[in-house]
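J.:
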Amino acid sequence: MAGRYGPLRVSAPSPSSRLIILLTLLPLALAAFAFVLQWRGGLVDPSSRWPGEPPSFPGMVDSPPVARPSLLSTVDCSDRSHRGSSSGFPYFKGRGFDFPAEQHPKICITTSTSAGLDQLLPWIFYHKIMGVSNYFLFVEGKAASSNATAVLEAIPGVKVIYRTKELEEQQARSRIWNETWLSSFFYKPCNYELFVKQTLNMEMAIVMARDAGMDWIIHLDTDELVHPAGAREYSLKSLFKDVPENVDIVIFPNYESCIERDDIKEPFVEVSMFKKNYDHLTKEMYFGNYKEATRGNPNYFLTYGNGKSAARVQDHLRPNGAHRWHNYIKTPNEVKLEEAAVLHYSYTKFSDITSRRARCRCKATKEDLNRCFMIDFDKIAYIIASTASEEEMRQWYRKQVVWADEALKLKLLKKGILTRIDAPSVIIQGLKDSGIFSSFLESRKDSVPKENISSSMERPKDTNISQVPHTHTVLKMKPLPARRRNGGKHQAVARRTLASIDALAKAVPPRPSPAGRRTRANFTS
Numbered sequence: 008m009a010g011r012y013g014p015l016r017v018s019a020p021s022p023s024s025r026l027i028i029l030l031t032l033l034p035l036a037l038a039a040f041a042f043v044l045q046w047r048g049g050l051v052d053p054s055s056r057w058p059g060e061p062p063s064f065p066g067m068v069d070s071p072p073v074a075r076p077s078l079l080s081t082v083d084c085s086d087r088s089h090r091g092s093s094s095g096f097p098y099f100k101g102r103g104f105d106f107p108a109e110q111h112p113k114i115c116i117t118t119s120t121s122a123g124l125d126q127l128l129p130w131i132f133y134h135k136i137m138g139v140s141n142y143f144l145f146v147e148g149k150a151a152s153s154n155a156t157a158v159l160e161a162i163p164g165v166k167v168i169y170r171t172k173e174l175e176e177q178q179a180r181s182r183i184w185n186e187t188w189l190s191s192f193f194y195k196p197c198n199y200e201l202f203v204k205q206t207l208n209m210e211m212a213i214v215m216a217r218d219a220g221m222d223w224i225i226h227l228d229t230d231e232l233v234h235p236a237g238a239r240e241y242s243l244k245s246l247f248k249d250v251p252e253n254v255d256i257v258i259f260p261n262y263e264s265c266i267e268r269d270d271i272k273e274p275f276v277e278v279s280m281f282k283k284n285y286d287h288l289t290k291e292m293y294f295g296n297y298k299e300a301t302r303g304n305p306n307y308f309l310t311y312g313n314g315k316s317a318a319r320v321q322d323h324l325r326p327n328g329a330h331r332w333h334n335y336i337k338t339p340n341e342v343k344l345e346e347a348a349v350l351h352y353s354y355t356k357f358s359d360i361t362s363r364r365a366r367c368r369c370k371a372t373k374e375d376l377n378r379c380f381m382i383d384f385d386k387i388a389y390i391i392a393s394t395a396s397e398e399e400m401r402q403w404y405r406k407q408v409v410w411a412d413e414a415l416k417l418k419l420l421k422k423g424i425l426t427r428i429d430a431p432s433v434i435i436q437g438l439k440d441s442g443i444f445s446s447f448l449e450s451r452k453d454s455v456p457k458e459n460i461s462s463s464m465e466r467p468k469d470t471n472i473s474q475v476p477h478t479h480t481v482l483k484m485k486p487l488p489a490r491r492r493n494g495g496k497h498q499a500v501a502r503r504t505l506a507s508i509d510a511l512a513k514a515v516p517p518r519p520s521p522a523g524r525r526t527r528a529n530f531t532s
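The sequence shown begins at 8 in my numbering and counts up by one.
1. Taking the Cβ atom as the reference point for each residue, do valine 139 and isoleucine 162 lie within a distance shorter than 8 Å?
2. Between tyrosine 262 and histidine 351, is the Cβ-Cβ spacing less than 8 Å?
3. Are three or more beta carbon pairs between the stretch 337 to 354 and the stretch 217 to 236 nearer than 8 Å?
4. Pair every Cβ in the stretch 288 to 303 with every Cβ in the stretch 439 to 453, then say whether three or more of these pairs are closer than 8 Å.
5. So does the stretch 415 to 431 actually touch the stretch 375 to 385, counting three or more Cβ pairs closer than 8 Å?
6. Note down the Cα distance separating glutamate 200 from glutamate 341, rounded to an integer number of angstroms.
7. Alanine 347 and alanine 430 - do their beta-carbons sit closer together than 8 Å?
8. Assuming the contact rule is C-beta atoms closer than 8 Å, methionine 280 and arginine 427 should be a hit. Round their C-beta distance to whole Å, please.
9. Using the Cα positions of leucine 124 and alanine 150, report the straight-line distance between them to the nearest angstrom.
10. Apply the 10 Å Cβ neighbour rule to histidine 226 and answer buried if 16 or more other Cβ atoms are within range, or exposed otherwise.
11. Determine the extent of the beta strand (DSSP E) in which isoleucine 435 is found, giving its start and end residues.
12. On the CB-based measure, 16 or more other CB atoms within 10 Å of its CB, does histidine 111 come out buried or exposed?
13. Using 8 Å as the threshold, is the C-beta distance between methionine 400 and alanine 392 below it?
14. On the DSSP letters alone, give me the boundaries of the beta strand (DSSP E) that cysteine 369 sits inside.
15. Can you check whether the CB of serine 191 is closer than 8 Å to the CB of glycine 148?
16. Return the first residue and the last residue of the alpha helix (DSSP H) that phenylalanine 143 is part of.
17. Who are the Cβ neighbours of phenylalanine 444 in its own chain at under 8 Å, not counting the five residues just before and after it?
18. Closer than 6 Å by C-beta to glutamine 205: which residues in its own chain qualify, once you throw out the five before and the five after it? Chain order, please.
19. How is tryptophan 403 classed by DSSP in three states: helix, strand or coil?
20. Considering Cα atoms alone, identify which of Lys418, Ser264 and Asp269 is closest to asparagine 284.
21. Rank Pro260, Trp332, Glu267 and Trp223 by C-alpha distance to the C-alpha of phenylalanine 247 and give the top, closest one.
22. For proline 326, list the residues DSSP reports as bridge partners.
23. Throw me the rounded Cβ distance for the phenylalanine 259 and asparagine 208 pair, which I believe falls under 8 Å.
24. So, using beta-carbon positions, are threonine 361 and valine 278 closer together than 8 Å?
25. What do you get for glycine 303, buried or exposed, if any count of 16 or more other CB atoms within 10 angstroms of its CB means buried?
26. Taking the CB atoms as reference points, tell me whether aspartate 269 and phenylalanine 357 lie closer together than 8 Å.
27. How would you label serine 316, buried or exposed, when you count the other beta carbons within 10 angstroms and need 16 or more for buried?
28. Could you give the uninterrupted runs of the alpha helix (DSSP H) lying entirely in the stretch 246 to 276, keeping only those of 4 residues or more?
29. Could you tell me if alanine 155 is buried or exposed, where buried requires 16 or more neighbouring beta carbons within 10 angstroms of its beta carbon?
30. Could you spell out the range, first to last residue, of the alpha helix (DSSP H) harbouring methionine 215?
31. Considering tyrosine 389, what are the terminal residues of the alpha helix (DSSP H) in which it resides?
32. Give me the DSSP bridge partner(s) of histidine 226.
33. According to DSSP, simplified to helix, strand and coil, what is arginine 378?
34. Using CA coordinates, which residue listed in Asn253, Ile27 and Gln407 is at the minimum distance from tyrosine 307?
35. In whole angstroms, give me the CA-to-CA distance for serine 152 and valine 433.
36. Going along the chain, which residues of its own chain have a beta-carbon closer than 8 Å to the beta-carbon of asparagine 198, five neighbours each way excluded?
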């Protein structure tokens, strides 16, 4: 039908209009298709995912401390023993201070020690906070006393191994005695004997670690603390979670303590300045400041400088001395950490000088010193302790060990040779202030056995272990009389010996880093 103006005509859409319509409908169609793919039929109430119990989120678990021990377990408010405590640290007293068994990676530490509880308790609980769950303590001396062992054996995860006749007979049959890599240390006294003993203990600790289901094992002395810098959290668990599965051994370069007073009583709390390892310094920084950093001592560090290591617990693992691990059938894949370190609290107390003399029955001669000690500074310290008066020892200690020169400290801190590390001090002081140590000791008073086990640690006859007295026996050795230490023929001979050892009296020239020492661990590459 024709209209007033003729028939209606619908003009065909232009190509541009069609394109606009297509671009508009296409996203809508894709959105509808995605909705259909995700549709499951009905809406789900999130609370219905936990039938029979409310949803559980981190921090809401209310498990009994005994059935599920945790570092952050909630203290029962109805327990009157916790009321009125002035705990300034978020940990509890008198309860299981360990981690749930299912948490991985599981880390253990093994050590050979004669230290007392005043050193062992801070050392153990600090590393528990770092994520260590198990400890294998080979004890002698103070650590093997009935007082100490009653407390140590009550700590969750701690296994105490006594140096009995049976233990030494078992270690005398170790395959290590047939290996060449440790043969130069056999049948020598003092530090060499200790090194062999530590290696044999490490071998046994590997078996214990496997039986306990451990993932990593670390050999650490009780004057050393792990400093897991660079980890996402300040913990060893976090650090080891980032280690690739193909890595067998992780090397922690060591930092050495630099004390600023000669009256240190609690090194873990009072010491915060450390000298960095050359693995964490540039070549120019290390060599450019070597002379000032040594301060006339024989080497860059007073004691060792090759760090400590952690090993993945696996088949054919073996110790490679007290500082390294190896494998009987393969060359392990090692990485060296770029930031984390082992903090070595070396010669932090003046009594450490005299204790060297008490632990070894060596003459102050060049031949005996080389037979007893590996480290040059230990030799010098032993001579000083054997020949000098207490005042002379104190003066030597202040000059060679104590860092009292404020200008030099400031310079080396700015250069990066020295560094301040406060975390261990803060953590251990927090534990101390919370009353954990005193509360733990108090709760174990009635459980201390009366018998003394020292009689069971006599050295067996005809073993392959070097024929020198036990550490616990040597500790009973009476000090030299004052008249012999302060004068007379004994002193004169010892002083001539000291003067004759030129290599020990001067700082040796800087030594280049061994091959691979500058290798850095980069887990992100």
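Cβ atoms here follow ideal geometry from the backbone N, Cα and C, with glycine treated the same way.
T.: Let's see:
1. By one-based count along the sequence shown, residue 139 stands at place 132. By one-based count along the sequence shown, residue 162 stands at place 155. Cβ distance not < 8 Å, so valine 139 and isoleucine 162 don't count as in contact.
2. Residue numbering aside, residue 262 sits at position 255 when the sequence shown is read from its first letter. Residue numbering aside, residue 351 sits at position 344 when the sequence shown is read from its first letter. Result yes, Cβ atoms of tyrosine 262 and histidine 351 sit closer than 8 Å.
3. yes
4. no
5. no
6. Mapped onto the sequence shown, residue 200 falls at position 193. Mapped onto the sequence shown, residue 341 falls at position 334. Approximately 27 Å, taken between the alpha carbons.
7. The residue given as residue 430 occupies position 423 in the sequence shown. The residue given as residue 347 occupies position 340 in the sequence shown. No, the Cβ-Cβ distance between alanine 430 and alanine 347 is not below 8 Å.
8. On the sequence shown, position 273 is the one that residue 280 refers to. On the sequence shown, position 420 is the one that residue 427 refers to. Contact holds; Cβ gap of about 6 Å.
9. Within the sequence shown, residue 124 is the residue found at index 117, counting from 1. Within the sequence shown, residue 150 is the residue found at index 143, counting from 1. Going from the Cα of leucine 124 to the Cα of alanine 150 covers about 7 Å.
10. For the purposes of this step, residue 226 is taken as residue 219 along the sequence shown, with counting starting at 1. When all chains shown are included, histidine 226 counts as buried.
11. If you number the sequence shown from 1, residue 435 lands on position 428. From DSSP, isoleucine 435 is part of no beta strand (DSSP E) but of the alpha helix (DSSP H) over 430 to 440.
12. Working through the sequence shown from its first residue, we reach residue 111 at position 104. Histidine 111 comes out exposed.
13. Indexing the sequence shown from 1 puts residue 400 at position 393. Indexing the sequence shown from 1 puts residue 392 at position 385. Yes, these two residues count as a Cβ contact at 8 Å.
14. One-based indexing of the sequence shown puts residue 369 at position 362. Taken as a continuous stretch (DSSP letters only), cysteine 369 belongs to no beta strand (DSSP E), as it is neither H nor E.
15. The sequence position of residue 148 within the sequence shown is 141, counting from 1. The sequence position of residue 191 within the sequence shown is 184, counting from 1. No; because the gap between Cβ atoms is not below 8 Å, this pair is not in contact.
16. Numbered from 1 along the sequence shown, position 136 holds the residue referred to as residue 143. Per DSSP, phenylalanine 143 belongs to no alpha helix (DSSP H); it is in the beta strand (DSSP E), 139 to 146.
17. Translated into the one-based positions of the sequence shown, residue 444 becomes position 437. These residues qualify, in order along the chain: Leu128, Pro129, Phe132 and Leu438.
18. Along the sequence shown, read from residue 1 onward, the residue named residue 205 stands at position 198. Cβ within range, chain order: Ser119 and Ala329.
19. As a working note, residue 403 is residue 396 in the sequence shown. Note: tryptophan 403 maps to helix in three-state DSSP.
20. Counted from its first residue, the sequence shown places residue 284 at position 277. Looking at the Cα atoms, Ser264 is the closest of the given residues.
21. Mapped onto the sequence shown, residue 247 falls at position 240. The shortest C-alpha separation from phenylalanine 247 is found at Trp223.
22. Numbered from its first residue, the sequence shown carries residue 326 at position 319. DSSP, once it has assigned bridges, lists Trp332 as partnering proline 326.
23. What you label residue 259 is simply residue 252 of the sequence shown in a count that begins at 1. What you label residue 208 is simply residue 201 of the sequence shown in a count that begins at 1. At roughly 19 Å, the Cβ-Cβ gap does not stay under 8 Å, so phenylalanine 259 and asparagine 208 are not in contact.
24. Here residue 361 refers to the residue found at position 354 when the sequence shown is read from its first residue. Here residue 278 refers to the residue found at position 271 when the sequence shown is read from its first residue. No. Outside cutoff.
25. Reading the sequence shown from its first residue, position 296 is the one you call residue 303. Exposed: under 16 other Cβ atoms inside 10 Å.
26. By 1-based counting over the sequence shown, the position of residue 269 is 262. By 1-based counting over the sequence shown, the position of residue 357 is 350. In this structure, phenylalanine 357 lies closer than 8 Å to aspartate 269 by Cβ.
27. If you number the sequence shown from 1, residue 316 lands on position 309. Label assigned to serine 316: buried.
28. none
29. As a first step, residue 155 is located in the sequence shown; it is residue number 148 there, counting from the start. Alanine 155 should be labelled buried.
30. What you label residue 215 is simply residue 208 of the sequence shown in a count that begins at 1. Segment 198 to 218, the alpha helix (DSSP H) holding methionine 215.
31. Numbered from its first residue, the sequence shown carries residue 389 at position 382. Note, tyrosine 389: alpha helix (DSSP H), 383 to 394.
32. Within the sequence shown, residue 226 is the residue found at index 219, counting from 1. According to DSSP, histidine 226 bridges with Thr117.
33. Taking the sequence shown and counting its residues from 1, one reaches residue 378 at position 371. Helix at arginine 378.
34. Here residue 307 is taken as the residue at index 300 of the sequence shown, counted from 1. It is Gln407.
35. Within the sequence shown, numbered from 1, the residue matching residue 152 stands at position 145. Within the sequence shown, numbered from 1, the residue matching residue 433 stands at position 426. Distance between the alpha carbons of serine 152 and valine 433 is about 29 Å.
36. Here residue 198 refers to the residue found at position 191 of the sequence shown. These residues qualify, in order along the chain: Cys367, Cys379, Phe380, Met381, Ile382 and Asp385.
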